[in-house]
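Number of protein chains: 4
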Amino acid sequence: MMTRKLRMGMVGGGTGSFIGDVHRKAAAIDGMIELVCGAFSSTEEKSIASGKALHLKESRCYKTFEEMILKEKELPEDIRMDFVAIVTPNHMHFPPAKMALEHGFHVICDKPVTLTLEEATTLQSIIKESGKLFALTHNYTGNAMVKQAKAMIAAGELGKIRKIQAQYLQGWLSTTIETTGQKQAAWRTDPSKSGIGGALGDIGIHAENLISYVTGLNVAEVAADLGVFGKGRVLDDDGNMLIRMENGAKGSISISQIALGEENNLAIKVYGEKGSLEWYQENPNELITRWLNEPKKIYSPNGNGLHPEALEVSRIPSGHPEGYLEAFATIYKNFAKHILSVNAGEVVENPDYPRIEEGVRGMKFIYAAVESNDNNSNWTKI
Amino acid sequence: MMTRKLRMGMVGGGTGSFIGDVHRKAAAIDGMIELVCGAFSSTEEKSIASGKALHLKESRCYKTFEEMILKEKELPEDIRMDFVAIVTPNHMHFPPAKMALEHGFHVICDKPVTLTLEEATTLQSIIKESGKLFALTHNYTGNAMVKQAKAMIAAGELGKIRKIQAQYLQGWLSTTIETTGQKQAAWRTDPSKSGIGGALGDIGIHAENLISYVTGLNVAEVAADLGVFGKGRVLDDDGNMLIRMENGAKGSISISQIALGEENNLAIKVYGEKGSLEWYQENPNELITRWLNEPKKIYSPNGNGLHPEALEVSRIPSGHPEGYLEAFATIYKNFAKHILSVNAGEVVENPDYPRIEEGVRGMKFIYAAVESNDNNSNWTKI
Amino acid sequence: MMTRKLRMGMVGGGTGSFIGDVHRKAAAIDGMIELVCGAFSSTEEKSIASGKALHLKESRCYKTFEEMILKEKELPEDIRMDFVAIVTPNHMHFPPAKMALEHGFHVICDKPVTLTLEEATTLQSIIKESGKLFALTHNYTGNAMVKQAKAMIAAGELGKIRKIQAQYLQGWLSTTIETTGQKQAAWRTDPSKSGIGGALGDIGIHAENLISYVTGLNVAEVAADLGVFGKGRVLDDDGNMLIRMENGAKGSISISQIALGEENNLAIKVYGEKGSLEWYQENPNELITRWLNEPKKIYSPNGNGLHPEALEVSRIPSGHPEGYLEAFATIYKNFAKHILSVNAGEVVENPDYPRIEEGVRGMKFIYAAVESNDNNSNWTKI
Amino acid sequence: MMTRKLRMGMVGGGTGSFIGDVHRKAAAIDGMIELVCGAFSSTEEKSIASGKALHLKESRCYKTFEEMILKEKELPEDIRMDFVAIVTPNHMHFPPAKMALEHGFHVICDKPVTLTLEEATTLQSIIKESGKLFALTHNYTGNAMVKQAKAMIAAGELGKIRKIQAQYLQGWLSTTIETTGQKQAAWRTDPSKSGIGGALGDIGIHAENLISYVTGLNVAEVAADLGVFGKGRVLDDDGNMLIRMENGAKGSISISQIALGEENNLAIKVYGEKGSLEWYQENPNELITRWLNEPKKIYSPNGNGLHPEALEVSRIPSGHPEGYLEAFATIYKNFAKHILSVNAGEVVENPDYPRIEEGVRGMKFIYAAVESNDNNSNWTKI
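Chains as they are written, first to last, in our numbering: chain A, 544 to 925; chain B, 544 to 925; chain C, 544 to 925; chain D, 544 to 925.
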């Protein structure tokens with residue numbers, strides 16, 4: 544079936560960008576995708592220099608995403624890009640996504656899906672009308688052990704879920720580095736570029752998404768106490784939240800970007816009536832499980848006792864650690880597979896990558912948490 | 544100075560009791576205390592049989608705590624007990640504590656200090672009037688690494704504290720074992736014996752106490768969402784709480800006795816402006832710390848870089864793990880030292896063991912959390 | 544059955560001693576043993592001062608072990624000590640052990656059993672003739688998870704054992720602290736007090752003993768490369784050894800007291816045809832196991848899936864860590880139980896504590912390793 | 544400088560191959576290399592099918608490596624491959640390496656470098672004469688924390704090295720899967736394809752290489768006790784080795800492919816006079832260090848306190864785990880950089896990737912270990 548590499552165009556991700564580079568590496572790992580063009584920067588010169596540094600033909604280094612979409616559209620079908628990867632700051636997700644979809648290109652986009660909830664729901668309609676595919680890079684769901692956790696819960700091995708704890712703790716905004724020229728810190732702390740959520744929009748929605756993905760349950764309501772610890776900041780850089788799930792389970796989410804010394808500590812614990820599990824992103828190759836009458840069991844990628852969903856994710860034998868890029872690559876791989884299926888005229892019921900639904904839910908979560916916080920942590924429905 | 548062993552009388556802790564045995568072992572480790580008498584059970588026969596099994600003289604195996612206190616009072620000063628250890632269920636803390644104090648005996652008591660907040664404040668007055676010493680066994684503060692954490696924060700090494708997370712997770716009430724004859728489960732889930740807090744009173748106050756002890760800050764208000772997952776239960780067996788500290792720090796506490804598979808997972812994380820730390824009771828011999836510009840540092844008992852407060856706690860060289868009983872023993876040791884100092888006519892400014900103040904604060908925490916929960920998790924002052 | 548506390552007399556362990564204090568605490572924990580007398584030091588004054596500090600009657604603070612044994616012998620049966628605990632440097636194990644046994648006292652002795660192999664075999668005869676009990680404090684075998692490891696292997700769960708790795712790594716002799724007045728370092732590096740093994744005698748035999756205890760197999764031959772890294776030292780402070788077991792399994796032992804930064808890192812790994820296991824003394828409350836077709840399983844004291852031998856060791860519920868002293872106490876407890884059984888006229892087939900056989904084997908291991916090292920690491924039978 | 548992607552041709556690595564796929568992914572991650580041709584299998588059909596599945600042009604899917612080298616040689620310079628990647632079983636390393644070098648292509652080759660030591664030294668001469676570059680994929684040296692370890696030791700932070708322990712433990716040959724059609728097991732256990740070392744050649748040389756790379760010291764002599772536990776095997780599947788380093792340090796290496804349940808447990812510990820360190824491949828993103836007077840410090844990629852050599856390796860921020868493929872990719876990246884430098888006429892003194900010298904030393908290590916084992920573990924010079 545896989546008869547050719549898919550061709551990717553990129554919006555954002557110029558030289559020096561963190562997440563653009565991540566997307567390119569993730570797209571490259573499995574050999575299914577080739578970067579063919581891009582509009583890498585809001586600055587024309589930088590955009591073209593970035594493209595050249597990436598060994599692109601100069602003719603396909605575009606000045607703007609609009610130019611890219613229009614020009615690529617005119618290229619012969621066997622040359623033009625298949626999909627657009629959007630790796631810009633949040634406020635620049637919606638415009639290129641909309642235009643790409645409306646011109647017949649599939650889109651893969653960084654999270655949060657858009658700047659505002661309104662944009663998100665609008666985008667949902669656009670996607671539907673376009674008939675094109677849309678992927679959202681909630682990359683942590685691409686980990687083999689996350690797939691195993693999801694599969695175990697889906698199979699009922701943990702029984703009814705009662706308690707959930709998630710955390711996403713970072714410390715990189717412990718000091719106000721946004722005032723020192725650190726570009727990512729600058730736009731992340733700027734509501735015109737980030738939206739109404741600071742840490743919420745950057746990492747909070749990863750926690751929310753991980754909970755939903757792993758448990759198959761949505762957060763029904765949230766009581767949030769957000770913190771703004773960095774001097775001069777307007778957006779949250781910390782938050783503690785109580786959550787209630789649609790099935791009656793209870794839990795909490797703790798997020799922070801001022802948790803000094805924490806690197807990228809995303810974690811989830813899920814407790815059911817028959818078993819429980821625990822996973823840490825910084826140590827992604829183990830899944831800790833506990834049971835009523837059996838000793839603690841630790842699963843590892845490609846190890847014993849895995850569900851097929853987990854087994855098919857691992858690229859290398861057990862004990863050969865896969866990390867952040869590999870999980871990210873799994874999103875790209877599954878998105879690429881879906882495009883190839885569609886190209887082959889196949890219908891795929893439940894493609895395994897995050898889509899617009901997850902994006903909209905993430906935005907609703909941000910909005911509910913902010914509203915709760917504004918109302919002294921009152922319980923707020925999502 | 545230490546010219547003799549102190550003599551301990553025990554209320555509760557008959558054969559088969561968990562916590563009574565813990566108190567006896569903890570009291571024995573450092574060779575400063577001798578068990579000389581007891582009223583070990585509400586059943587006369589069992590009380591005496593328990594005493595004999597503990598190699599006590601039959602004459603000092605009492606039927607009731609009242610008998611013990613009165614009879615011991617009559618014994619010559621160099622024979623009678625010096626203090627009473629109370630290891631009964633919560634509802635039986637106040638009566639023997641009150642009587643012992645009023646008859647001139649020091650008291651060491653398991654937590655929570657009493658059944659009700661009212662009893663706690665009454666006891667506070669009684670203690671004051673009696674001039675006797677009162678210790679509360681918040682045993683986890685006896686760990687060397689907890690002392691190190693406290694000392695580091697007190698010395699300002701972490702800077703101003705911004706974020707705190709504590710958890711105390713157990714799974715032993717995942718099923719309704721209180722209906723199967725498990726005695727401890729039975730009284731722990733019975734409000735007439737436990738008070739208004741279930742998990743809150745059993746373990747929640749350990750988390751609250753650990754936070755206060757380590758950070759030197761009190762919880763100012765709490766927003767609690769308590770769970771009652773066990774069928775037929777009336778008391779909380781789970782809880783998620785947001786907290787705000789008196790200094791403006793924010794945080795959360797998660798407690799559970801239905802977190803299936805968790806054993807005794809008490810943990811604390813504290814994030815300051817200059818550093819952060821993390822400690823796990825199940826792995827008590829390491830203290831994880833993180834810093835703005837230095838690599839992660841792990842402290843160990845009797846290891847390098849410790850404050851004197853931590854060094855003096857360790858009984859054995861680094862790498863020789865101390866555990867639950869040793870930490871518990873530290874409470875007894877410090878209480879015993881205080882008694883000996885008092886006997887020697889010395890004044891001790893700040894004896895390092897939990898006292899009635901901690902007990903009252905714990906009760907207020909329980910009451911505030913329950914009130915918050917009754918008001919749909921509204922913020923409630925402590 | 545347990546109608547009274549056993550009475551212990553101690554040889555060595557004066558104020559400031561590390562191991563004497565450990566023995567006393569270990570003996571105290573389970574409430575079965577009472578220290579009643581001692582000859583705590585080679586210096587008369589210090590001996591008596593130590594006894595007083597331990598709250599002994601002055602009449603039972605003896606100047607020498609000879610005096611203690613003779614005087615205690617004359618005391619009424621219900622007052623005199625039941626057994627002698629020997630906690631002196633190695634060269635002072637044999638004389639008091641011999642005399643105590645010959646005067647009808649049971650003996651519990653620190654390791655290595657004696658200064659020389661010859662003494663060890665002589666002692667073996669003396670014990671036999673005396674009909675008295677003799678325990679050797681290979682304390683690490685008292686850990687619950689070590690018992691579980693032993694029981695699993697004995698039950699055949701791991702299949703035939705193929706590979707064994709043990710290590711005992713410390714760093715306290717990384718610098719030549721024996722020249723700075725550190726007393727323990729001084730005698731440990733002095734062959735007239737330690738014997739022909741330095742690290743070998745202090746910690747190497749713990750590793751050898753742990754291997755034999757856990758696997759039920761003896762080391763058949765050894766090829767040793769010992770190191771003497773501390774300037775001016777004559778005894779080994781480091782060693783790497785290949786071993787071959789009596790059943791054909793192969794393995795290695797690494798020991799060191801100059802492994803800078805290591806605290807007390809005793810560990811064992813055992814690989815069989817059906818499963819494998821791994822245990823670390825510094826983290827004693829977990830036993831890691833791996834299986835052909837199942838995920839890794841982690842056992843914990845009083846947790847799920849344990850053999851009775853492991854369950855009966857734990858004093859407290861799972862998740863409440865026990866450590867070095869508790870494991871040490873288990874040796875004392877089992878020794879005390881055996882004495883009580885003997886006193887009650889019972890015959891015990893296989894009491895679970897290390898005895899003279901383990902002591903003699905340890906000495907043979909030291910001698911074989913030294914001989915191998917002297918012959919450029921030739922394989923040497925034990 | 545980096546003006547174009549380098550073009551790679553591959554020998555071996557047909558569909559279903561483990562290591563061929565690893566090489567392709569590793570080469571792809573950093574976007575510097577493009578696979579353009581290959582002779583992927585000894586079977587003509589499979590070779591071509593594999594190439595097509597990799598989206599290569601049919602004209603560049605070759606039947607044999609000889610054909611590939613000759614035909615590519617004839618292609619225009621801006622189209623033909625720049626270098627050959629050899630990912631065949633050991634016995635097929637030398638022939639394509641020799642031919643590629645002699646036809647002017649750089650070569651990157653899997654380890655061990657050749658089937659025999661003689662081939663290795665011959666290859667060394669061929670490389671020298673050819674003036675072409677040769678890389679050997681000792682991939683573990685590509686980890687950021689391995690670079691940090693090397694840099695710390697090179698900077699003297701640990702002082703003089705005294706003790707080294709390395710292990711490489713796997714369990715995948717615990718049963719005789721080579722008789723069940725498992726292809727990799729089949730050739731790994733076949734001396735005509737693997738050479739005289741089994742586990743030695745597959746993983747032992749990784750341990751040896753890691754020791755040399757990290758410490759900057761070579762193993763001077765080895766005393767080896769190899770095991771052949773799998774029924775019917777002729778090559779070692781297990782080994783325990785004592786080592787002596789050229790500087791007087793001592794140590795041991797333990798390797799196994801029958802260490803049941805172990806996945807890919809490569810680890811190294813190095814103890815110096817001033818500090819020590821410890822690294823585990825399965826948890827590659829931390830480097831544990833210990834110090835005379837400071838607490839244990841844990842370094843992480845892109846974290847605090849790193850040497851530039853470690854910092855430049857990390858592709859993503861701290862806390863975003865990199866794994867096996869990323870470390871492997873670092874070898875490819877550094878090799879590619881060297882080719883580009885050479886193409887640009889630059890001279891690079893010490894390119895940071897393993898070369899023929901490491902290959903020859905690895906073969907000598909295998910030969911010395913086998914010889915030692917044949918002589919009942921006598922010390923054997925390397």
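Where is the CB? At the ideal position from N, CA and C, for every residue including glycine.
Open item on the list: Are the CB atoms of alanine 750(A) and alanine 709(A) within a distance shorter than 7 Å?
Closed with: yes
TODO: Reducing DSSP to helix, strand and coil, say where leucine 760(B) ends up.
DONE: coil
TODO: Would you please state the rounded distance, in angstroms, between the beta carbons of asparagine 807(A) and proline 860(D)? I believe it to be under 8 Å.
DONE: 7 Å
Open item on the list: By the three-class DSSP mapping on this structure, what secondary structure does leucine 549(B) have?
Closed with: strand
TODO: Using the Cα positions of arginine 731(B) and aspartate 745(B), report the straight-line distance between them to the nearest angstrom.
DONE: 8 Å
Open item on the list: Considering just the uninterrupted stretch of the beta strand (DSSP E) at valine 579(B), what are its terminal residues?
Closed with: 576-582
Open item on the list: Helix, strand or coil for leucine 769(A)? Go by DSSP, reduced to three states.
Closed with: strand
Task: C-alpha distance - glycine 862(C) paired with asparagine 828(C), whole-angstrom precision - done: 8 Å
Task: Option nearest glutamate 900(C) by Cα separation, candidates Arg603(C), Thr546(C), Leu676(C) - done: Leu676(C)
- [ ] Report buried or exposed for aspartate 573(A), applying the criterion of at least 16 other Cβ atoms within 10 angstroms of its Cβ.
- [x] buried
Open item on the list: Once DSSP output is grouped into helix, strand and coil, what is the label at arginine 904(D)?
Closed with: helix
- [ ] Output yes if chain B places a C-beta closer than 7 Å to the C-beta of tyrosine 823(D); else output no.
- [x] no
TODO: Decide if methionine 544(B) is buried, meaning its Cβ has at least 16 other Cβ atoms within 10 Å, or exposed.
DONE: Low confidence applies here, because methionine 544(B) scores a pLDDT of 44, under 50, leaving its location unreliable; read the following figure in that light. Exposed, since its Cβ has fewer than 16 Cβ neighbours within 10 Å.
TODO: Tell me whether arginine 858(B) sits in a helix, a strand or coil according to DSSP, three-state version.
DONE: coil
TODO: Using a Cβ cut-off of 8 Å, pull out every chain C residue sitting near tryptophan 922(A), in sequence order please.
DONE: Correct list: empty, because the minimum Cβ distance to chain C is about 32 Å.
TODO: Give a yes or no on whether the C-beta atoms belonging to glycine 928(D) and methionine 611(D) are separated by under 7 Å.
DONE: Because chain D here runs from 544 to 925, residue 928(D) falls outside it and cannot be looked at.
TODO: Measure the Cβ-Cβ separation of isoleucine 801(B) and methionine 784(B) and say whether it is below 7 Å.
DONE: no
Task: Per-residue burial, alanine 887(A) [other beta carbons within 10 Å of its own, 16 or more giving buried] - done: exposed
Open item on the list: For a quick check, are the C-beta atoms of valine 554(C) and phenylalanine 608(C) less than 7 Å apart?
Closed with: yes
TODO: Output yes or no for whether 7 Å exceeds the beta carbon distance between threonine 923(C) and glycine 685(C).
DONE: no
Open item on the list: Please report whether the beta-carbon of asparagine 783(A) lies at a distance below 7 Å from any beta-carbon of chain C.
Closed with: no
TODO: Could you pull out every residue in the same chain whose Cβ sits closer than 6 Å to the Cβ of tyrosine 910(D), ignoring the five residues on either side in sequence?
DONE: Leu660
Open item on the list: For alanine 628(A), report the span of its beta strand (DSSP E) as first-last.
Closed with: 626-629
Task: Extent of the continuous alpha helix (DSSP H) to which threonine 665(D) belongs - done: 660-673
TODO: Starting from the Cα of isoleucine 798(C), find the closest Cα among Gly738(C), Leu809(C), Glu914(C), Glu789(C) and give me that residue.
DONE: Leu809(C)
Task: Under the three-state DSSP convention, the category asparagine 845(B) falls into - done: coil
Task: Short Cβ contact (7 Å threshold) for valine 627(B) with isoleucine 562(B) - done: no
Open item on the list: Does glutamine 691(A) come out as helix, strand or coil in the three-state DSSP assignment?
Closed with: helix
Open item on the list: Closer than 8 Å is the cut-off here; do at least three beta carbon pairs connect the stretch 814-831 of chain B with the stretch 661-669 of chain B?
Closed with: no
Open item on the list: So, for alanine 687(C): in the same chain, excluding its five sequence neighbours on each side, which residues have a beta-carbon less than 6 Å away from its beta-carbon?
Closed with: Pro844, Ala853, Val856, Ser857
- [ ] Report the rounded CA-to-CA distance for alanine 694(A) versus glutamate 700(A), giving the unit in angstroms.
- [x] 9 Å
Task: Top-ranked residue by Cα proximity to valine 762(D), from Ile925(D), Ile576(D), Lys568(D), Glu577(D) - done: Ile925(D)
Task: First and last residue of the uninterrupted beta strand (DSSP E) at phenylalanine 677(A) - done: 677-679
- [ ] Measure the alpha-carbon distance for lysine 568(D) versus glycine 848(C) and round it to whole angstroms.
- [x] 42 Å
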